Each structure stands twice: as structure tokens, then as C-alpha cells.
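**Q** Quick note: the sequence shown uses my numbering, first residue 1427, plus one each step. A virtual CB, placed ideally from N, CA and C, is assigned to each residue, including glycine. Small disclaimer: the values here were computed from a predicted structure and weren't measured. Below is one structure. I have some questions about it.
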Amino acid sequence: MKIYRPCLYAGCPSLVERGYCEKHRNRKRYCAAGGCPEIVQGKAYCDKHDPKLKKNRNPEKVRESYRKHDGKRGSASERGYDAKWNRLSKAYLGKHPLCEHCEKRGILRTASLVHHVKPLRQGGERLNTNNLVALCRQCHEAEHKRLDKGIKLPLLKDDNRETPGGFA
């Protein structure tokens, strides 16, 4: 006996064995790689991000590029992520367990990272909860890709928040 479930497209009443109904399976959507602006149809990834097409990449070159990048960054504590930050981010995630960016779009996804709305290198306050937002990994990566490209898209943020656990 086959089990039918609702189509994964929000609000669609069609029953399917899995995934999306025929109407929504081939809809246009953004590439599934976080932050990629390419629009695809009938597949999850654009050609640049398709994992099936990346199999031929030289893993040693990939590792070398990561090593070069990490060497320029400095240690976590040099960048301001010390014990105070760890306590504050854990307290913040405890108070805001869902990704705030996804939640504003009607998606419920667990937050795993705390992000500075105004980056520290641009004068953002490190331990001020009004400068923090809880994000899932996908939204966090997308936000950093936007920042790296210089695209200014505001993160959805409430300014009327209390400081969790007395941290400031």
C-alpha cells in the first residue's frame, strides 16, 4: 500500500508519494547553494554548484586554498571570539532557538550560529545583543556571501530585545 503525503510546496493540497506534486516539481527557484542568485528549473543546483559536477575538482588544490585563507584570518580570540562571546552566543541561542531570518519568511529552522548584524570590522558592537541575530548555517553562509560581494541586504531584526543572561 502506497502512503501519500501533502506536496512540500506550502499550501498545496495535492497528495504525492514524496516531494512535490507535478505542478511544483519543475517550478523556478533559486539554486540550493546558500547565497547563490542563479535561478534553476527542474533541479536543485545551478551548474556552478551542482555537487555531481564538482567530483572532478582537485582536492589538494581545494585544501591549499582553504589553508591560504585561514592563514590570513588570525585566531578566533584575535577576531573577538573569546569566552565572553561563547557565553553570550550560547545564551542568545537559548533565548532564540529558531533561525530569525527563516522565521521572518515563515520557515521554522533551528538556529545554530549567532551572527553580528553589523560586522565587527565595520564598527559593530561585539557583545551587544541588538547587534546579534540567530541564524541557521544556510542563512549564515548566504549572509557572508552577500557581505563578501558588497550586497547590502538588511537582516530582519527587532530592536526591542532584552539582553539574555545579563550579558552586555
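Given that a residue counts as buried once 16 or more other Cβ atoms are within 10 Å of its Cβ, and exposed if not, what is E1448?
**A** Classification for E1448: exposed.
**Q** Using a 10 Å radius around the Cβ and a threshold of 16 neighbouring Cβ atoms, would you call E1504 buried or exposed?
**A** E1504 is exposed by the Cβ-count criterion.
**Q** Using the Cβ count rule (16 or more neighbours within 10 Å means buried), how would you classify E1526?
**A** Looking at its Cβ environment, which holds 16 or more other Cβ atoms inside 10 Å, E1526 is buried.
**Q** Report yes or no: is there a C-beta of chain D within less than 8 Å of the C-beta of C1528?
**A** The structure shown contains no chain D; it is built from a single protein chain.
**Q** Under a three-way DSSP split, which group does A1502 fall into?
**A** The answer is coil: DSSP assigns A1502 none of H, G, I, E or B.
**Q** Would DSSP call P1432 helix, strand or coil?
**A** Three-state result, P1432: strand.
**Q** Measure from the alpha carbon of R1453 to the alpha carbon of each residue in A1470, H1522 and D1476, then state which is nearest.
**A** Among A1470, H1522 and D1476, the Cα nearest to that of R1453 is on A1470.
**Q** Would you mind stating whether C1528 and C1565 have Cβ atoms separated by less than 8 Å?
**A** Yes, these two residues count as a Cβ contact at 8 Å.
**Q** Taking the alpha-carbon positions, what's the A1509 to K1571 distance?
**A** So the alpha carbons of these two residues sit roughly 27 Å apart.
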